[in-house]
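Just so you know, the sequence shown maps onto residues 124 to 515 in our numbering.
Note that beta-carbon positions come from the ideal geometry of N, C-alpha and C, so glycine has one too.
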Amino acid sequence: MNRFGAGAVRPRTAAIIAAGGSGARMGGLKKQFLPLAGLPVVVRSMQPFQDHQSVDDIVLVVPPGDAPLGQSLCSAYGLAKVRGVVAGGGSRFDSVRSGLEAVRVLCPDVVLVHDGVRPLVSAGLIDRVLESATRYGAAVPAVEIYDSVKRVDRDQVQASMPREGMRAIQTPQGFHSAWLYEAYSRPIPAGATDDAALVEACGYGVAVVPGDRDNLKITTAGDLKLAGRLLADPKVAAGIGYDVHRLQEGRPFILGGVKIPSELGLLGHSDADVLVHAVIDALLGAAGLPDIGQQFPDTDPRFLGADSTCLLEQAVQTVAGAGCTVLSVDVTVVCERPRLAPHILGMKARLAPILRIAPGRIGIKATTQEGMGFVGRAEGVCAWCVALVVRD
Ligand code: MG
């Protein structure tokens, strides 16, 4: 049973986004307004509350003088739940107090307070805090501390602190609104750094829910960079390649750049390295480039008897020229005979420097066709490849 009674309608919930800080600036802008993966930090900090079905209203607190900027961001990014953009005060507590005044008229049952510089807050974290705050009256997200904790003065350790039972506390923090109003009506206790400390000072219990390590507080340029990496579009593209060559007597059997003893060899305009050809097509495909037949036409005498690893080298260069770096390739060769297993390590060693990746990022598997079809009758060999590249 929650504080609002079994079967009661869900609590009306307001979120205060505390972005009133004007201390640290990076590159001339207050950190809450800096772009992060294309959106201002404060917009990213608000968006999960805008999108959350249990949050009804949002009040944004900005530094004095920045209300017009806050307003324009809210309309530009369609943050329709924002009921007010208010100016903060000198401290975080002054800012939240301004936010609370604006929130009161909305008559929320539960108030969530969230740092405007925590842009990676997830819907799941909001759920956990909201559910626990609804049930117990106050809740904070916490993460374990794995580093050692010491009191330091300048660059000297003063004391080692016990880590046992210690947690790092994040936002959003959730409160039954009456508790928060009461907490903010009293003097701020010395040493308090968050809203929960004020509620604790009133004698109320504060529940703890699991926080989220990704829920960073952007404090330094390094934090912003890290958040950018966490949000980064991986820009990975995949390509697929397929090739087939006939088997014929009197031809060399070259596969993966390795000459393999065999009474039958592969027939083709080049050395007919079917594995390498599949890799080339997969790479070109991942980079969105024209296929092997267009890059190295078999009507071109330059490629007569060509060493396919040289073609691969050129293809890797072409792919790099298109802004793509090879991440990995994985090949399956379908071949009735000869047996390929003893040569696979050699192929990886041969191809790795050409692909500019570690041999561990190359997969080569061989299988037979169980005697069926053209491969089964040893009329030909085919190869499939999937390549991953990362685009600049
Ligand atoms: Mg071919």
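Could you spell out where the alpha helix (DSSP H) holding residue i opens and where it closes?
| i | result |
| --- | --- |
| Thr441 | 431-444 |
| Leu499 | For the sequence presented, residue 499 should be read as Gly rather than Leu. Start and end: 496-499. |
| Met284 | Note, Met284: premise wrong, no alpha helix (DSSP H); beta strand (DSSP E) at 279-284. |
| Thr257 | 246-259 |
| Arg220 | 215-227 |
| Gly345 | 344-354 |
| Arg167 | 164-174 |
| Cys108 | Nothing in the structure corresponds to residue 108, since the chain is present only between 124 and 515. |
| Gly193 | 190-199 |
| Val322 | 318-324 |
| Gly416 | 415-418 |
At what residues does the beta strand (DSSP E) containing residue i begin and finish?
| i | result |
| --- | --- |
| Pro482 | Element bounds for Pro482: n/a, residue is neither H nor E. |
| Asp270 | That residue, Asp270, is in no beta strand (DSSP E); it is neither H nor E in DSSP. |
| Phe291 | Note that residue 291 is Ala in the sequence shown, not Phe. That run of the beta strand (DSSP E) goes 290-292. |
| Ile181 | 180-185 |
| Val132 | No beta strand (DSSP E) holds Val132; DSSP gives it neither H nor E. |
| Leu243 | Where Leu243 is concerned, there is no enclosing beta strand (DSSP E), given that its DSSP letter is neither H nor E. |
| Val332 | 330-333 |
| Arg460 | Neither: Arg460 is in no beta strand (DSSP E) and is coded neither H nor E. |
| Ala210 | 205-210 |
| Gly379 | Premise fails: Gly379 is in no beta strand (DSSP E) and is neither H nor E. |
In or out: residue i buried (at least 16 other Cβ within 10 Å) or exposed?
| i | result |
| --- | --- |
| Arg215 | buried |
| Ser393 | buried |
| Ser198 | exposed |
| Ala301 | exposed |
| Met124 | Confidence at Met124 is low in this model, with a pLDDT of 39, below 50, so its placement is unreliable and the value that follows should be read with caution. Met124 is exposed by the Cβ-count criterion. |
| Leu427 | exposed |
| Thr257 | buried |
| Gly391 | buried |
| Gly143 | buried |
| Val512 | buried |
| Pro333 | exposed |
| Val208 | buried |
| Pro420 | exposed |
| Tyr365 | exposed |
| Leu347 | buried |
| Gln90 | Outside the shown range of the chain (124 to 515) lies residue 90, about which nothing can therefore be said. |
| Ile485 | buried |
| Gly239 | buried |
| Val272 | exposed |
| Leu253 | buried |
| Gln293 | buried |
| Ser308 | exposed |
| Lys358 | exposed |
| Asp521 | Nothing about residue 521 can be read from this structure; the chain reaches only from 124 to 515. |
| Ser218 | buried |
Determine the DSSP secondary structure at residue i, reduced to helix, strand or coil.
| i | result |
| --- | --- |
| Met124 | Below a pLDDT of 50, predicted positions are generally treated as unreliable, and Met124, at 39, falls in that range; the measurement from the model is reported next regardless. Here Met124 sits in coil by DSSP. |
| Arg425 | helix |
| His466 | helix |
| Gly297 | strand |
| Gln371 | strand |
| His237 | strand |
| Ala405 | helix |
| Ala142 | coil |
| Gly503 | strand |
| Lys488 | strand |
| Ile363 | strand |
| Pro476 | helix |
| Ala410 | coil |
| Ala395 | coil |
| Phe156 | helix |
| Lys340 | coil |
| Lys471 | helix |
| Ala262 | strand |
| Leu389 | strand |
| Gln202 | Note that residue 202 corresponds to Leu in the displayed sequence, not to Gln. Coil. |
| Ala313 | coil |
| Tyr304 | helix |
Any Cβ of chain D within less than 8 Å of the Cβ of residue i?
| i | result |
| --- | --- |
| Gln176 | Any reference to chain D falls outside this structure, which holds one protein chain only. |
Lining residues of the ligand MG - beta-carbon closer than 5 Å to any non-hydrogen atom, in sequence order: Those residues, listed in chain order, are Asp366, His400.
Using 8 Å as the cut-off, can you tell me whether the segment 163-170 makes contact with the segment 212-228, which would need three or more C-beta pairs spanning the two stretches below that distance? no
Say whether the segment 213-232 touches the segment 240-255, bearing in mind that this needs 3 or more beta-carbon pairs closer than 8 Å, one atom from each stretch. no
Quick one: any contact between the segment 186-205 and the segment 289-301, if contact means 3 or more CB pairs under 8 Å? no
Does the segment 371-380 come close enough to the segment 464-473 to have 3 or more Cβ pairs within less than 8 Å? yes
With three or more C-beta pairs closer than 8 Å as the rule, is the segment 272-292 touching the segment 303-310? no
Decide if the segment 458-465 is in contact with the segment 488-505; the criterion is three or more beta carbon pairs, one per stretch, under 8 Å apart. yes
Touching or not, the segment 446-459 and the segment 397-415, by the rule of three or more beta carbon pairs under 8 Å? yes
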